[in-house]
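A quick write-up on the structure given underneath.
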Amino acid sequence: MALQFEILPVTPFLQNCTLIWDEESKEAVLTDVGGEVDRLLEEVAKRGLQLKAVWLTHGHVDHVSGVVDLTARLDIQVLGPHPDDDFWIQQLPQITQAYRFPFSPPFAPTRWLAEGDSLSVGRYRFEVLHIPGHTPGHVVFYCADAGLLVAGDVLFLESIGRTDFPRGNHADLIGNIHGKLLILPEDTRVITGHGAMTTIGHEKRHNPFL
Ligand SMILES: [Zn+2]
Ligand SMILES: [Zn+2]
Numbered sequence: 230m231a232l233q234f235e236i237l238p239v240t241p242f243l244q245n246c247t248l249i250w251d252e253e254s255k256e257a258v259l260t261d262v263g264g265e266v267d268r269l270l271e272e273v274a275k276r277g278l279q280l281k282a283v284w285l286t287h288g289h290v291d292h293v294s295g296v297v298d299l300t301a302r303l304d305i306q307v308l309g310p311h312p313d314d315d316f317w318i319q320q321l322p323q324i325t326q327a328y329r330f331p332f333s334p335p336f337a338p339t340r341w342l343a344e345g346d347s348l349s350v351g352r353y354r355f356e357v358l359h360i361p362g363h364t365p366g367h368v369v370f371y372c373a374d375a376g377l378l379v380a381g382d383v384l385f386l387e388s389i390g391r392t393d394f395p396r397g398n399h400a401d402l403i404g405n406i407h408g409k410l411l412i413l414p415e416d417t418r419v420i421t422g423h424g425a426m427t428t429i430g431h432e433k434r435h436n437p438f439l
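Numbers in this note's numbering are just positions in the sequence shown, counted from 1, shifted up by 229.
Right under this line is the structure:
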């Protein structure tokens, strides 16, 4: 019995929404519900899982624009991101239209997250780390027991998140990656926001931005 996950890329940006569950209790969460809610719910149902929450890393359209659709159908908690990303969520009506995504109104999470908060899936605990830079309210989710990091758009395979958006900050991003992520065990598996998975050890050795 272990912590399981399945990466489910959604939206034209192939954003790595991830279904994470505890095989023993069947309790599950979805991270970064960017859209394609029908398909995501099929993935939950076919495994017989009990979805209890959505965890959001940051407020970008490809990561959050399915949340209102999902919570209209299921009574589940929306946790995160950090409140400094509220300005992104408030702009969802304009941004979904500009990017030709299905329309989304703004929403308020059940609970905003901050550094040091603790989340759980079944018996597994995830620590919330605040990593501003790509967006000011970006958080990541780290499970020491499973050696797993959900990194959103902070860290990619041999790359890092863009910082040229409003309120982006390159120095914050680099400083926080060094201070909070590269200190994690090298065999920590990293689910990135787009593209392939990586590990902390691989990025320490091969990421040209760090
Ligand atoms: Zn982003
Ligand atoms: Zn993204």
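Just so it is clear, CB atoms sit at the ideal spot from N, CA and C, and this is done for glycine as well.
Minimum C-alpha distance to residue i - residue among the options
i           : options            : result
residue 431 : 395, 399, 388, 398 : 388
residue 383 : 354, 298, 286      : 286
residue 368 : 357, 319, 392      : 357
residue 301 : 270, 247, 324, 422 : 270
residue 238 : 264, 279, 341      : 264
residue 343 : 354, 335, 359, 402 : 359
residue 335 : 345, 349, 317      : 317
residue 253 : 279, 345, 235, 313 : 279
Straight-line Cα distance separating residue j from residue i
i           : j           : result
residue 435 : residue 347 : 30 Å
residue 291 : residue 328 : 10 Å
residue 415 : residue 378 : 11 Å
residue 249 : residue 376 : 13 Å
residue 277 : residue 400 : 44 Å
residue 261 : residue 294 : 9 Å
residue 288 : residue 364 : 8 Å
residue 299 : residue 374 : 29 Å
residue 339 : residue 405 : 26 Å
residue 255 : residue 283 : 15 Å
First and last residue of the uninterrupted beta strand (DSSP E) at residue i
i           : result
residue 234 : 232-239
residue 420 : 418-421
residue 402 : Element bounds for residue 402: not the beta strand (DSSP E) but the alpha helix (DSSP H), 399-405.
residue 281 : 279-284
residue 308 : 306-308
Element boundaries [alpha helix (DSSP H), containing residue i]
i           : result
residue 325 : 321-327
residue 433 : 429-435
residue 299 : 296-302
residue 291 : 290-293
Practice problem: Say whether the stretch 300-314 touches the stretch 237-244, bearing in mind that this needs 3 or more beta-carbon pairs closer than 8 Å, one atom from each stretch. | Solution: The stretch 300-314, when compared against the stretch 237-244, does not touch it at the 8 Å Cβ threshold.
Practice problem: May I have a chain-ordered list of the beta strand (DSSP E) segments no shorter than 3 residues that lie completely inside the stretch 349-391? | Solution: Whole beta strand (DSSP E) segments, 3+ residues: 353-359, 368-372, 377-381.
Quiz prompt | Sequence ranges, beta strand (DSSP E) only - wholly within the stretch 241-274, length at least 3 | solution = Annotation note: the stretch 241-274 contains the following uninterrupted beta strand (DSSP E) runs of length 3 or greater, listed N- to C-terminal: 244-251, 256-260.
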